[in-house]
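Working notes, structure below.
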Amino acid sequence: MSVIHLVVKEQPSVPLEAECISPDSFAELSNDEIRALRVYHGKRQCRVDDFFDVDGEKSDHIQIHGDVGRVRWLGRAMTRGTLQIYGDVGMHLGAYMKNGRIEVHGNAGDWIGAEMKNGFVHIHGDAGGQIGAAYRGSLRGMKNGTIIVDGTAGIEVGMRMRRGTIVVGGKVRDFAGLQMKGGTLVLLGGAEIRTGAWMTRGTIISLKPIQLMPTFRTSGPMNPMFMNVYARQLGKLGIDLPFDRRSGSYIRHCGDMSIPGKGELFVWQS
Amino acid sequence: MYWGGNPAECHPRHFTKYTLMQKSKFLPRGRKDRTMALVDIRATKSAKAADIFLQVRPGKDFEMITILRAMVKGESIPESQIAETGLSLETLEDLVARMKAAKFGAIFFGMGLSMTRGKHMNSAALLTLAAEMNAFTKFVAMPMRGHGNVTGADVIMRWQTGYPFGISFNRGYPRYNPGEFSTVDVLVRGDCDAAFIIGADPGATMPQPAIDHLAAIPTICLDPHVTHTSKLAKVHITTAPAGIAAPGTGYRMDEIPLPLKPALNSPYPSDEEVVRRINQAIAKMPDWMPEGEPPMVLSQV
Amino acid sequence: MKITGGKVYDPANGINGEVRDLHIVDGKFADNANGATGGREIDATGMIVFPGGVDVHTHVAGGSINFARAMTPEDHRRTQAFIRTQSRRSGLGGMAPTTFATGYLYAGMGFTTVNEAAVPALSARHTHEELSDIPIVDKSSCVLMANNEIMLDLMERGEYDRARDIVAWYVWAAKSYGVKAVNPGGVAAWKYGHDAKGMSTAIPGYNKLTPGDVVTQLARIIDDLGLPHPIHLHCNNLGAPGNVATTLETMKHLEGSRAHIAHMQYHAYGGDDWSTMRSESAQLADYFNAHPNMTTDAGAVLFGDTVTITADGPWQHLLYKLTGRKWGNLDVENETGCGIVPYTYKPSNLVNAVQWAVGLELLLLINDPWRVFLSTDHPNGACFWRYPEIIHLLMSNDFRQACMKKLTPAIKGKITLPEITREYTLYEIATIMSAGPARALGLRQKGNLGVGCDADVVIYEEDKDIERMFGHPRYVLKGGQVVIEEGDIRETPEGREFITRPSYNPDTEAFLKPIFEDCYTMSFENYPVEMERIEHPTMMDCVDVD
Amino acid sequence: MIKESSSPNSGSSGNSGNGTELKIVKNATCTFCGCVCDDIELHADDVRIHKAVKACVLGKAWFLNHTAERKYPDALIDGKEATVDEAIEAAAYHLYKADMPLVYGMSNTTCEAQKECVALADQLGGLLDSHTSL
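Protein chains in written order, with the numbering used here: chain A, 1 to 270; chain B, 1001 to 1301; chain C, 2001 to 2546; chain D, 3001 to 3134.
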């Protein structure tokens, strides 16, 4: 398997928009053509090789080495291949993506996997806000796919998501699962406030106690069957979701009653 | 209803000119025909004007509005949950009853709501509550805009670019993303490499990292005074104060434009003239966009 | 300047596809004999020449469309972006285009004049600011009057002459061209959560004044004042099943007056509820055909996403409840109100399917193309830049039949469209998109290729693909200037604004001032829009109406 | 720039007591807060506004604290006094050179200036934002 390597040679002084750095656009291009692809340094139109050394060609496997924390829209709408980043990465990573895999060995910015349709994103460090969310004004966030963040995440994680799974290892900030319409949000490290606010459907699972919105109804402890299924699925991804009633149980809360919604929020108690 | 605002001290004529005191065709007794509720984290001067004052615990506005949304629809919320907001079930039941009984309800919300934790979602919550109230009676909601002509900026940006604020023209056409293109975020991250500041003094009001970035890049400042921003700026130009010595138009918070009638002649040029001359000077320079190669449109997929 | 060899369609002068040369001097059509020589010559051989399009009813500027822009950032992101050039500002198209883009999009499909149909006087200053930022096209506007409480109070008291003076004063204060009436009485009642549906039931808040009275008197006032454009009427009960009865009753109230019925599609329904809703366009067209005092525009619906905006506040609240989507509401003191709701018309939805058919039926069943005009009530039925699709539907029965196959099966028996075989000719299209609306607006210099008229011309390459042909004219000239050429925007001149000044009793201001100060929140002196705020104002004279 | 209204019920002249003619502007508009009251009566001489009838306490301070005096230098470049022409050239140069310039503020200014600001951001290919986003 051939891999295209991009190594940061020049740090952008203002944000760099590089939606062309994506397996779909690299797949059929020669090394020269990849180097010449257009990126936007603020308002300036530049070439990929103004900022990166490029090694390799014609492949849908890309590795980026170095700090790309100021580089936005990497892997935008990608449908295939892999994008591996060794370093921090900027906003809108994998936004609108349809398939393929993105792996980040570092931290990531806001809007990761925003409005994605399918695919897999794994951030080994911390992430920003609005993961898998809907862009402003849009009614639908991610439609399917999986996003895993090992570290913490920012506000509005999974905002208006329809389907798919988001797992965050560390603590998330306010409004996780805001206006959620479906899918699963797993919070291994708990959350700050307003989790599940205005949700209509979907499932939020928290392994740490969280502060609930006053408009959620508590219906007592239970270990639903589907948790076994989730646990098995997530186990394959290296995530340990408890479901054994000998070690504890989930308290189920429903809401948000202000909508009124039929979302479910499970909080683990060992 | 006023929420998170203190009109008695910040918009002193709001009560007399627009909301409480005016006698009108359908409310001939003026103040007597009206009920005012105030929601805030402390009893400001405005509380004296109110029939009901509801003291919400700081940072609990979003929860309180969401409870109201549920109660308006007949959902019952446990007293213990309501107590978290600093209010009682009885108080909120009374409020909901009064809201439903009103012939025409209006909610004005201030920065105590829109600039505290939750920010735009707090405003969204109140706007949604007002919308949902229309299932029972007529209800509207409006932000209490602060200084001067901030409404005009909002309105003009909307008709010229489609968006109210937080806009990027980096690709030659307007794009919008608050958080990404909004000024505090841009400055704190150090995204921009020059700044043009007009009719504002971020050097006095913004977080320190933002101010530090403004000082580090070429900042241009237009103001009738030499401000904190002017002092850290590369270039300051003194201009005539709008509405006092410069003519033009200003928008009221309800998006009604009004003519500005200056009483003084300023020795300084107007903002309009200076910005136009900067535009003309830039127009003489070679265009930044390479000819024949327009930027790619980054549209929704 | 000269345009030679084109097949000319100029209904105002009875020219139907004859090959003619057009001469242009100083932005107007000239007689060849006047020595119109020099300048550019456009060889239009084999091409089709129309007068520039005129939109009699659209919403492109003002508080409501600007609210709609703020409400739909998701649409701006997916729509056509106009990238800035050294000679042209950037903009965005879509459901609620930005002002600059509005000019580019209208001119891009050959339209050179638009009538902003709904201006609250209180935000007239704002509307004119936006209108002056719409490049290329000429503009006119109609001020909203049918829910102005000062006028309603006068009508209630039977003070007709005073009401007439007040209307005239408002037209001039707003620097408007015509008068729009929206849901007479209903929008005023909406301030208290009510509506006014029956033509002969007193308006809530009034003892005896009915919507019917308002319609009759306002139409008469406008004729008495001699405004070039008659009452521009949005009837009561818009959008509701069974509302054809209200519409017919309204039309009876208009006998003896001139009237333009806006977006008739929304007022032509039978049935008792959403499940039994059906088309009553045939009944309405019959009545309309027999009453030459009226003109109308289709307010046609096309399937897809749009945003609905109308001064009809109560209707918009209902639509919000039906869709469960976003809703914006604006109340304008004691003058009017407005609601904004994004909406998607779907062929699988019975109500939407009926609406789609009714718009086309009216265009096909009203037999005089001089009295029914192309419109989608932009952006309500669809965006204006989709007009070429409607032209295609009108010109091709085969296309209509093919489109009908996509409608919900429940549509059977509820519409007349399947039985209609009429196909529009180019001459008739030129009538409904240009000559007719220009005449209805009283703009004699528009929609007319005759000597002395404004040299607004659109030149198409003949194309079997009707949508492509009308969507991509080869040349568009505005006032003799080539603004569009081969799909490119060449020039973006500023447009003009048409205004009119009806006369009113000189004591009107003295009468109005104390009332005004009682019920408005701004100063009387600051209320009228100054002439200097109008971009290239062009005064149109009032006319004698028999 | 300032015109006395010719309409009979607005605008008249008085005497300030120190010999200069007082100009009276009726129905003036106050832009201190979002209320934008437009019923203020201003009494002014050549230098300052003496009276702002109907204005609230904030509005009065707003009108009375501004003067037509030359209190500040026309312009400053790097903290040193400069002419407006020099400052405009410098401003244009720095904004033009930037890869990602920001245009911000627009609260205390006229709509006419705001339109120029939008045009500036459009022409620069920069960012544009107002107080609202804070």
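Here a beta-carbon is modelled for each residue, glycine too, at the ideal position from N, C-alpha and C.
In this text, all values refer to a predicted model and were calculated from it rather than measured experimentally.
Judged by beta-carbon spacing, B/D1193 lies beyond the 9 Å limit of B/T1229, meaning their Cβ atoms are not closer than that value. In this structure, the straight-line span from the alpha carbon of A/R201 to that of A/F266 is close to 13 Å. The C-alpha of C/N2147 is placed about 36 Å away from the C-alpha of C/I2411. Contact annotation: A/G94 and A/G75 have beta-carbon atoms nearer than 9 Å. B/L1260: member of the beta strand (DSSP E) spanning 1257-1260, first to last residue. When beta bridges are read from the DSSP output, A/V267 appears opposite A/S206, A/I251. For C/S2279, the pairing in a beta bridge is given by DSSP as C/Y2269. The beta carbons of C/P2379 and C/M2071 sit no closer together than 9 Å. By alpha-carbon distance to C/M2433, the top candidate from C/E2462, C/I2390, C/C2542 is C/I2390. Between the beta-carbon of A/I85 and that of A/G113 there is about 14 Å, and that puts the pair past the 8 Å contact cut. Between the region 1113-1133 of chain B and the region 168-186 of chain A, the count of C-beta pairs closer than 8 Å reaches three or more; the two stretches touch. Look at B/T1161: its C-beta is under 9 Å from a C-beta on chain D. Secondary structure at C/S2176: coil, using DSSP grouped into helix, strand and coil.
Measuring C-alpha to C-alpha distances from D/K3071 to each of B/Y1268, B/M1285, B/V1274, B/A1283 identifies B/Y1268 as the nearest.
C/D2331 is bridged by DSSP to C/G2337. Under the Cβ criterion (8 Å, minimum of three pairs), the region 2170-2181 of chain C does not count as touching the region 2202-2210 of chain C. For C/D2297, there is no enclosing alpha helix (DSSP H); the residue is found in the beta strand (DSSP E) stretching over 2294-2297. In the DSSP assignment, C/A2117 falls within the unbroken beta strand (DSSP E) covering 2111-2119. The C-beta distance from B/F1169 to D/G3105 rounds to 17 Å, too long to meet the 8 Å contact threshold. When secondary structure is reduced to three states using DSSP, C/I2015 falls in the strand class.
Rounded to the nearest angstrom, the gap between the Cα atoms of C/G2313 and A/I62 is 55 Å. At a C-beta separation below 7 Å, D/E3089 has these neighbours in chain B: A1281. The alpha carbon of D/L3124 has as its nearest neighbour, out of B/W1288, B/M1296, B/G1146, B/H1011, the alpha carbon of B/W1288.
For C/C2403, the uninterrupted alpha helix (DSSP H) segment begins and ends at 2397-2404. For the C-beta of D/A3068, the chain B residues within less than 7 Å are, from N- to C-terminus, A1245, L1264, N1265, S1266, P1267.
When Cβ-Cβ separations below 9 Å define contact, C/S2123 makes no contact with chain D.
The three-state reading of DSSP puts B/S1230 in helix, counting H, G and I together. In this structure, the alpha-carbon of B/V1155 lies about 14 Å from that of C/V2060. When 8 Å is used as the limit between beta carbons, B/K1017 is near these residues of chain C: T2521, in chain order. Fewer than three Cβ pairs drawn from the region 2472-2481 of chain C and the region 2116-2129 of chain C lie within less than 8 Å of each other, which leaves the two stretches out of contact.
Setting aside the 5 residues that flank it on each side, D/D3039 is surrounded in the same chain by N3027, K3054, each with a C-beta closer than 7 Å to its C-beta; the list follows chain order. Secondary structure of C/A2438 (DSSP, three-state): helix.
Spatial neighbours of B/P1218 in its own chain (CB-CB distance under 7 Å, excluding positions within 5 residues in sequence) are listed in chain order as A1194, K1234. Residue A/Y230 holds the alpha-carbon nearest to the alpha-carbon of A/T184 among A/Y230, A/D53, A/K9, A/V68.
With contacts defined as CB atoms closer than 9 Å, A/S22 and A/E57 fail to qualify as a contacting pair. In the structure shown, A/E57 falls within a coil segment according to DSSP collapsed to helix, strand and coil.
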